[in-house]
Amino acid sequence: MKALWQIVKLELLANFRSRSFYLLTAAVVLWMTALPAFVKSDGTSEGARQICIHYSLAGAFAMVLMALAGAAAGSLSRERAAKRLQLTAVRPVRFFTIAAGRYLALMLVGTMQIALAGGILTLKSDMDLSRPCDHLLSPVLPSVWEEAEAMYSVYMQDEETPEEVRKMDKREVIRLLAAKAPDHYQTVATNETARWFFPDFVPSGAVKVQLRFTNTYDTREDVCGLFRLGCAEGVVSNITQAVAKVPLAGMIDQVVGERVLEFANQGGGSLMLRPRRDIKLLVEADGFGWNLVRALLELTAILSVAIAFAIFLGAGLSRSVAVFTVVAFLVLALVSPAVVEESDEFASNKYDRIGIRLARVAEKITRPAGSLAPLEKLAGDICVEKSEVAKTILLDFAVYPLVFIFLAALAIPRKQDLA
Amino acid sequence: MEAEKVIELAGVEKTFRDFWLRPTVKAVDGLDLSVARGEVFGLLGPNGSGKSTTIKMILGLLGPSAGSIRLFGLSPRSIEARKRIGYLPELSYLHPFLTASETLHYYAGLCGLDRTTARSRATQLLEMVGLEEVAGRAVGGFSKGMARRVALASSLIGKPELLVLDEPTSGLDPVSTNEVKTLVKTLARGGMTILMTSHLLADAEDVCGRVMIVNHGKAVAEGRIGEIGSSLNEFFLAKVGEGRDFKVAPFLQ
Numbered sequence: 110m111k112a113l114w115q116i117v118k119l120e121l122l123a124n125f126r127s128r129s130f131y132l133l134t135a136a137v138v139l140w141m142t143a144l145p146a147f148v149k150s151d152g153t154s155e156g157a158r159q160i161c162i163h164y165s166l167a168g169a170f171a172m173v174l175m176a177l178a179g180a181a182a183g184s185l186s187r188e189r190a191a192k193r194l195q196l197t198a199v200r201p202v203r204f205f206t207i208a209a210g211r212y213l214a215l216m217l218v219g220t221m222q223i224a225l226a227g228g229i230l231t232l233k234s235d236m237d238l239s240r241p242c243d244h245l246l247s248p249v250l251p252s253v254w255e256e257a258e259a260m261y262s263v264y265m266q267d268e269e270t271p272e273e274v275r276k277m278d279k280r281e282v283i284r285l286l287a288a289k290a291p292d293h294y295q296t297v298a299t300n301e302t303a304r305w306f307f308p309d310f311v312p313s314g315a316v317k318v319q320l321r322f323t324n325t326y327d328t329r330e331d332v333c334g335l336f337r338l339g340c341a342e343g344v345v346s347n348i349t350q351a352v353a354k355v356p357l358a359g360m361i362d363q364v365v366g367e368r369v370l371e372f373a374n375q376g377g378g379s380l381m382l383r384p385r386r387d388i389k390l391l392v393e394a395d396g397f398g399w400n401l402v403r404a405l406l407e408l409t410a411i412l413s414v415a416i417a418f419a420i421f422l423g424a425g426l427s428r429s430v431a432v433f434t435v436v437a438f439l440v441l442a443l444v445s446p447a448v449v450e451e452s453d454e455f456a457s458n459k460y461d462r463i464g465i466r467l468a469r470v471a472e473k474i475t476r477p478a479g480s481l482a483p484l485e486k487l488a489g490d491i492c493v494e495k496s497e498v499a500k501t502i503l504l505d506f507a508v509y510p511l512v513f514i515f516l517a518a519l520a521i522p523r524k525q526d527l528a
Numbered sequence: 002m003e004a005e006k007v008i009e010l011a012g013v014e015k016t017f018r019d020f021w022l023r024p025t026v027k028a029v030d031g032l033d034l035s036v037a038r039g040e041v042f043g044l045l046g047p048n049g050s051g052k053s054t055t056i057k058m059i060l061g062l063l064g065p066s067a068g069s070i071r072l073f074g075l076s077p078r079s080i081e082a083r084k085r086i087g088y089l090p091e092l093s094y095l096h097p098f099l100t101a102s103e104t105l106h107y108y109a110g111l112c113g114l115d116r117t118t119a120r121s122r123a124t125q126l127l128e129m130v131g132l133e134e135v136a137g138r139a140v141g142g143f144s145k146g147m148a149r150r151v152a153l154a155s156s157l158i159g160k161p162e163l164l165v166l167d168e169p170t171s172g173l174d175p176v177s178t179n180e181v182k183t184l185v186k187t188l189a190r191g192g193m194t195i196l197m198t199s200h201l202l203a204d205a206e207d208v209c210g211r212v213m214i215v216n217h218g219k220a221v222a223e224g225r226i227g228e229i230g231s232s233l234n235e236f237f238l239a240k241v242g243e244g245r246d247f248k249v250a251p252f253l254q
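Protein chains in written order, with my numbering: chain A, 110 to 528; chain B, 2 to 254.
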């Protein structure tokens with residue numbers, strides 16, 4: 110433990126005395142305080158709040174992530190190039206301790222910066238810490254694979270299905286249909302009632318139905334009907350917003366049994382919606398303050414994976430290669446989800462499909478470091494669930510860093526120019 | 002009774018390879034070496050003879066391609082062996098942002114010393130190398146000689162049983178060189194085993210009990226200083242060769 114503490118202290122002193130810590134702190138403070146003044150908002154308190162979360166906090170986090178991942182990649186490789194690593198390596202210290210000490214020191218710096226950014230956010234006048242957030246529940250539907258299997262024959266008989274797709278292997282077409290399942294539409298005709306199951310629903314506070322219309326069909330003005338969940342009801346009519354939240358009033362705590370949300374379409378036209386994306390139940394959870402803490406914990410966990418990975422790279426590669434690789438990895442991690450989300454493989458040619466597949470693989474590999482989902486949830490008043498945080502902490506604070514530090518410990522003595 | 006062997010090398014080879022694992026240089030070729038407890042052993046040889054590679058293998062910084070290396074009967078990469086070693090590299094390689102005192106405390110911590118012992122030893126060592134006045138100054142601003150003294154002090158902070166010195170007097174003025182030589186002799190009298198390399202044969206002659214001369218990675222001679230018969234300089238040249246005369250470039254004539 111003494112050796113570990115010495116290495117942590119050395120790395121911290123390197124950060125403090127090279128002034129990189131103070132520069133990063135100043136950049137975070139400046140970004141958090143000055144940026145909202147330069148970004149044009151819609152003038153409302155809600156608009157200012159969204160800017161603070163989407164631009165200031167996300168930007169400050171990206172800055173800390175890039176700076177510390179770069180520092181981590183350079184940490185061991187710089188020491189090795191300067192021949193200082195050999196003086197530590199000949200002492201009775203395990204290589205694991207050398208790598209772990211640097212990881213812990215940089216995590217300490219990163220945690221301080223993220224806490225600082227979060228602290229500044231709470232001081233903003235638009236941030237009401239008691240503002241409630243909601244648990245977001247999705248309906249339970251048949252699996253995307255079952256749905257894809259069911260759709261396959263219909264799709265292949267459709268005259269508009271491209272010839273190229275008809276020639277494709279059945280498993281490949283089913284995989285593509287499964288990938289598109291979240292965009293499948295359900296039609297609720299006039300005077301018809303649709304039902305969605307929410308088995309995870311536990312009545313614990315105020316409940317709302319969230320209807321989200323982000324499709325290209327102009328349906329939002331025509332929606333008119335009644336939502337019912339057990340004895341609780343909510344009326345919807347003349348929706349003019351892309352996202353509508355319909356409160357359910359009544360004996361909500363008496364909802365037992367199958368937990369079915371019903372929607373009776375009483376409007377003049379059919380309602381088209383994508384049940385996987387457009388219909389959710391919102392159940393009141395705790396306040397913004399606690400949600401912010403959970404979101405910051407998740408961001409710190411993302412930082413943890415990035416730092417551990419960068420230390421591993423620095424243990425086996427030269428400084429410039431390690432820094433380039435980690436920055437490329439982070440850019441890939443941030444970009445690949447957008448490519449996967451926005452791409453339509455049916456409408457793409459063969460070469461584009463190869464690119465999309467590569468993006469999918471990259472997205473899978475970089476998923477632990479690639480998601481800024483906690484900030485999106487925070488901005489949307491959606492609860493960052495404790496179970497998600499616990500899972501992230503287990504994987505990103507414990508499993509992945511341990512693996513990367515172990516690999517770094519193996520790489521240190523194998524790098525011949527250690528001496 | 003035979004003295005305990007502190008360093009034992011048997012048939013050690015080191016071949017460096019390129020990216021495609023093709024052999025490029027054979028730096029050490031079948032070296033056998035044995036150093037007993039309390040000895041001051043000099044590893045001598047011209048530039049590129051394999052001295053530094055041998056030292057790095059003894060310290061566990063490089064693995065041998067063939068042969069075996071034992072320190073105190075243990076693998077050089079074992080924690081137990083590393084607890085008993087002190088190392089002064091050819092250049093000081095200090096962290097420039099640490100003060101002299103912090104440097105010693107850092108290495109004391111790596112050796113597992115508690116705070117009281119670390120403080121006491123750091124104070125004594127800084128006094129020993131004459132840097133107590135500048136203990137709080139960052140070593141990045143030190144002269145080469147001062148940095149060398151800090152590096153020497155840090156190699157001794159763990160009270161090693163084996164001290165490996167790579168060109169210990171490099172960068173030191175004549176007075177400091179004499180001080181270092183006296184220190185090495187004192188440490189040896191206290192029972193410390195010392196392995197050193199030096200280009201300055203007079204230094205080796207003054208402090209070493211036994212020397213080995215290596216050339217092209219092979220041991221070409223080994224013997225006790227008193228038994229060599231001539232001066233170490235003559236002995237060295239006889240074994241390694243006189244070298245070549247520089248033919249002055251015509252435009253310089």
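For every residue, glycine included, the Cβ atom is placed at its ideal position computed from N, Cα and C.
request  = Please decide whether R200 (chain A) counts as near chain B, where near means a Cβ-Cβ distance under 8 Å.
outcome  = yes
message = Three or more C-beta pairs under 8 Å: does that hold for the segment 125 to 142 of chain A against the segment 462 to 479 of chain A?
response = no
key: C-alpha distance - A499 (chain A) paired with V508 (chain A), whole-angstrom precision   = 13 Å
Coarse secondary structure for G141 (chain B), derived from DSSP in three states = helix
query = What does F98 (chain B) touch in chain A if you count any residue whose Cβ is under 8 Å from its own?
reply = L122, A123, R126, S127
Reduced DSSP category for P201 (chain A) - H, G, I as helix; E, B as strand; rest coil = coil
key: Neighbourhood of A528 (chain A) by C-beta, 6 Å cutoff - its chain only, sequence neighbours within 5 removed   = Caution is warranted here: a pLDDT of 45 is assigned to A528 (chain A), below 50, making its placement in the model unreliable, and the coordinate value is therefore given only provisionally. Q195.
key: F247 (chain B), DSSP secondary structure in three states   = coil
query = Contact between the segment 429 to 441 of chain A and the segment 226 to 239 of chain A: three or more CB pairs below 8 Å?
reply = no
inquiry  = Please tell me whether Q115 (chain A) has its Cβ less than 8 Å away from any Cβ of chain B.
reply    = yes
query = Does any CB atom of chain B fall closer than 8 Å to the CB of L215 (chain A)?
reply = no
request  = Check the Cβ of R83 (chain B) against every Cβ in chain A and list those closer than 7 Å, keeping chain order.
outcome  = V199, R200, P201
query = When the distance is taken between beta carbons, is F42 (chain B) closer than 8 Å to R211 (chain B)?
reply = yes
ask   = Where does R85 (chain B) sit, in a helix, a strand or coil, going by DSSP?
value = coil
key: S53 (chain B) classed as buried or exposed, judged by whether at least 16 other C-beta atoms fall within 10 angstroms   = A residue is called buried when at least 16 other Cβ atoms come within 10 angstroms of its Cβ; S53 (chain B) meets this threshold and is buried.
task = With 8 Å as the C-beta to C-beta threshold (strictly closer), list the residues of the segment 198 to 228 of chain B near chain A in chain order.
result = none
message = So Q195 (chain A) contacts chain B; which residues on that side make the cut at Cβ distance below 9 Å?
response = K57, L60, L62, Y88, P90, Y94
task = Please look up how many angstroms separate the CB atoms of F204 (chain A) and P483 (chain A), rounded, as I've assumed it's under 8 Å.
result = Their Cβ separation, rounded to whole angstroms, is 34 Å, which puts F204 (chain A) and P483 (chain A) out of contact at 8 Å.
query = In this structure, does DSSP put R385 (chain A) in helix, strand or coil?
reply = helix
key: Beta-carbon proximity check, T55 (chain B) vs V36 (chain B), cutoff 8 Å   = no
ask   = Just the Cα atoms here: how many angstroms apart are L166 (chain A) and M216 (chain A)?
value = About 18 Å.
inquiry  = For chain B, check one thing: does any of its Cβ atoms lie closer than 8 Å to the Cβ of A181 (chain A)?
reply    = no
task = Below 8 Å on the Cβ atoms is my guess for P1 (chain B) versus I86 (chain B); work out the distance and round it to an integer in Å.
result = The shown model of chain B, from 2 to 254, leaves out residue 1 (chain B), and the question about it has no answer.
key: Distance, A410 (chain A) Cα to I420 (chain A) Cα   = The straight-line gap from Cα to Cα measures roughly 15 Å.
ask   = Nearest chain B C-beta to K111 (chain A) closer than 8 Å, yes or no?
value = yes
task = Would you mind reading off the limits of the alpha helix (DSSP H) that contains D204 (chain B)?
result = Residues 202 to 208.
ask   = Along chain B, which residues have their Cβ under 8 Å away from the Cβ of K192 (chain A)?
value = P90, L92, Y94
inquiry  = Can you look up I474 (chain A) in the DSSP assignment and give me helix, strand or coil?
reply    = helix
request  = Check whether the Cβ of L111 (chain B) lies closer than 8 Å to any Cβ atom in chain A.
outcome  = yes
query = Cβ of C340 (chain A) within 8 Å of Cβ of G359 (chain A)?
reply = Yes, they are a contact pair.
message = Just list the residues that DSSP pairs H244 (chain A) with in beta bridges.
response = A:V392
message = Just to confirm, is the Cβ distance from L320 (chain A) to V297 (chain A) under 8 Å?
response = no
request  = Assign M213 (chain B) to one of three DSSP states: helix, strand, or coil.
outcome  = Three-state result, M213 (chain B): strand.
task = Say whether chain B places a C-beta atom closer than 8 Å to the C-beta of L245 (chain A).
result = no
request  = Identify every residue that forms a DSSP beta bridge with P24 (chain B).
outcome  = Answer by DSSP bridge pairing, in chain order: B:R18.
ask   = The beta strand (DSSP E) with N374 (chain A) in it runs from where to where?
value = 369 to 374
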